[in-house]
Amino acid sequence: MGGDVLLQAHGLTRRFGGLVAVDGVSLSLRRGQVHAVIGPNGAGKSTLTNLLSGDLAPTHGTLQLHGHDVTGASPEAIARRGLARSYQRTNIFAPLTVWDNVRLAAQARTPRAWAWWRRADQQADVNARAERALALARLSARRQRPAAALSHGEQRQLEIALALATEPQVLLLDEPLAGMGTAEAERVVELLAELKRDHAVMLVEHDMDAVFALADVLTVMVNGRVIASGTPAEIRADAAVQAAYLGE
Ligand code: ADP
Ligand code: MG
Numbered sequence: 001m002g003g004d005v006l007l008q009a010h011g012l013t014r015r016f017g018g019l020v021a022v023d024g025v026s027l028s029l030r031r032g033q034v035h036a037v038i039g040p041n042g043a044g045k046s047t048l049t050n051l052l053s054g055d056l057a058p059t060h061g062t063l064q065l066h067g068h069d070v071t072g073a074s075p076e077a078i079a080r081r082g083l084a085r086s087y088q089r090t091n092i093f094a095p096l097t098v099w100d101n102v103r104l105a106a107q108a109r110t111p112r113a114w115a116w117w118r119r120a121d122q123q124a125d126v127n128a129r130a131e132r133a134l135a136l137a138r139l140s141a142r143r144q145r146p147a148a149a150l151s152h153g154e155q156r157q158l159e160i161a162l163a164l165a166t167e168p169q170v171l172l173l174d175e176p177l178a179g180m181g182t183a184e185a186e187r188v189v190e191l192l193a194e195l196k197r198d199h200a201v202m203l204v205e206h207d208m209d210a211v212f213a214l215a216d217v218l219t220v221m222v223n224g225r226v227i228a229s230g231t232p233a234e235i236r237a238d239a240a241v242q243a244a245y246l247g248e
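Residue 227 in the UniProt record's numbering sits at position 227 of the sequence shown, with consecutive numbering throughout.
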């Protein structure tokens, strides 16, 4: 069952010319759950992520956040309703320190101060938000490093910290473990397991050990379509999934 539904997509479809990259996908993300989306390259997972974050508008279908219709809304409007995402490509300012990167991301959410006596409050608020994001992403000890000096795995953690700095309720992660070594991947799996307590997490990931360790629900996409959705046990037992994807 899980917690409240925070995000609900109905029949999302996205065409690129003649290609239907995402074809009638419905899914819900609940607080306290990791919802993994898996499927071969080109299945439409990143396009789906872009549709949920508002980076792309759907050709058909609807999107709701906390029961509000946000179909076709801008990424900024969707972010204001409590959704954050990481990107497959990195989004970090390399010359800035870890702290400055996270602080900028936390600041981006704060409406412009209209009076000096509010500004002081807001600064404290921004710092507290940045501090929490760093701790959650397990980067507090790296705060003074330039982002460029972090390991690949730590840079991916920083991406997660940047998303968390806006204090989202819904978090979309597109291949957060890509290119990581085993130890790095294990560290991120641990932090995601902790994050799901308070968040609804959608995890697009190829690392099946991580997926089956974290996921409460899985959706399997092939050629833009959902071919199966269910618990990890149901997905493992699904013949169509075995044939199309897991059958190695
Ligand atoms: P995945 O993330 O599952 O690997 P994508 O969502 O990136 O899949 O891509 C799904 C399909 O849509 C692919 O065939 C890809 O080439 C195509 N596609 C993705 N983005 C665009 C775009 N901006 N313009 C045209 N085709 C695209
Ligand atoms: Mg992708």
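Think of the CB as a built atom: it goes at the ideal place given N, C-alpha and C, for glycine as much as any other residue. Computed from a predicted model, the values in this text were never measured in an experiment.
**Message:** Using 8 Å for Cβ pairs, my map puts residue 101 next to residue 147. What's the rounded Cβ distance?
**Reply:** As a first step, residue 101 must be located in the sequence shown, where it is residue number 101. As a first step, residue 147 must be located in the sequence shown, where it is residue number 147. Contact flag correct, Cβ pair sits at about 5 Å.
**Request:** Going by CA-CA distance only, name the one from 221, 13, 95, 79 that's closest to residue 106.
**Result:** To locate residue 106, count along the sequence shown from 1; it is residue 106. Comparing Cα positions, the closest option is 79.
**Prompt:** Taking 7 Å as the cut-off, does the CB of residue 46 come closer than this to any heavy atom belonging to the ligand MG?
**Reply:** Within the sequence shown, residue 46 is the residue found at index 46, counting from 1. Yes.
**Message:** For residue 11, which residues in the same chain have their Cβ closer than 8 Å to its Cβ, ignoring the five residues on either side in sequence?
**Reply:** Looking up residue 11 in the sequence shown gives position 11. 24, 25, 26, 60, 61, 62, listed in sequence order.
**Request:** Please go through the same chain and pick out, in chain order, the residues whose beta-carbon is closer than 7 Å to the beta-carbon of residue 208, but skip the five residues on each side of it.
**Result:** Your numbering for residue 208 matches position 208 in the sequence shown. If we look at residue 208 and ignore the five residues flanking it on each side, it has no Cβ neighbours.
**Request:** Keeping to the same chain, check which residues put their C-beta closer than 8 Å to that of residue 45; ignore five residues upstream and five downstream.
**Result:** Here residue 45 is taken as the residue at index 45 of the sequence shown, counted from 1. Once the five neighbours on either side are set aside, the close Cβ partners of residue 45 are 37, 38, 39, 174, 204, 221.
**Request:** Please state if the CB of residue 98 and the CB of residue 145 are separated by a distance shorter than 8 Å.
**Result:** As a working mapping, residue 145 is identified with position 145 in the sequence shown. As a working mapping, residue 98 is identified with position 98 in the sequence shown. Yes, the Cβ-Cβ distance between residue 145 and residue 98 is below 8 Å.
**Asked** Between which two residues does the alpha helix (DSSP H) carrying residue 4 extend?
**Response** Residue 4 sits at position 4 when you count from the first residue of the sequence shown. Residue 4 -> no alpha helix (DSSP H), and no H or E assigned at all.
**Prompt:** Taking just the CA atoms, how far does residue 158 sit from residue 134?
**Reply:** Within the sequence shown, the letter at position 134 stands for residue 134. Within the sequence shown, the letter at position 158 stands for residue 158. Spanning the two alpha carbons is a distance of roughly 8 Å.
**Request:** Using beta-carbon positions only, say whether residue 189 and residue 161 come within less than 8 Å of one another.
**Result:** Residue mapping note: residue 189 aligns to position 189 of the sequence shown, counting from 1. Residue mapping note: residue 161 aligns to position 161 of the sequence shown, counting from 1. No, Cβ-Cβ distance for residue 189 and residue 161 is not below 8 Å.
**Item:** Candidates 215, 226, 165, 86: closest to residue 176 by CA position
**Value:** Within the sequence shown, numbered from 1, the residue matching residue 176 stands at position 176. The candidate whose alpha carbon is nearest that of residue 176 is 86.
**Prompt:** How is residue 227 classed by DSSP in three states: helix, strand or coil?
**Reply:** Here residue 227 refers to the residue found at position 227 when the sequence shown is read from its first residue. Here residue 227 sits in strand by DSSP.
**Prompt:** With DSSP run on the structure shown, which of helix, strand or coil describes residue 97?
**Reply:** One-based indexing of the sequence shown puts residue 97 at position 97. DSSP places residue 97 in strand when its eight states are reduced to three.
**Request:** Could you check the C-alpha separation between residue 104 and residue 244 for me, to the nearest Å?
**Result:** Along the sequence shown, one-based indexing puts residue 104 at 104. Along the sequence shown, one-based indexing puts residue 244 at 244. Near 43 Å, if we compare the C-alpha coordinates of residue 244 and residue 104.
**Request:** Could you please give the first and the last residue of the uninterrupted beta strand (DSSP E) stretch that includes residue 64?
**Result:** Taking the sequence shown and counting its residues from 1, the one referred to as residue 64 is at position 64. From DSSP, the beta strand (DSSP E) with residue 64 extends over 60-65.
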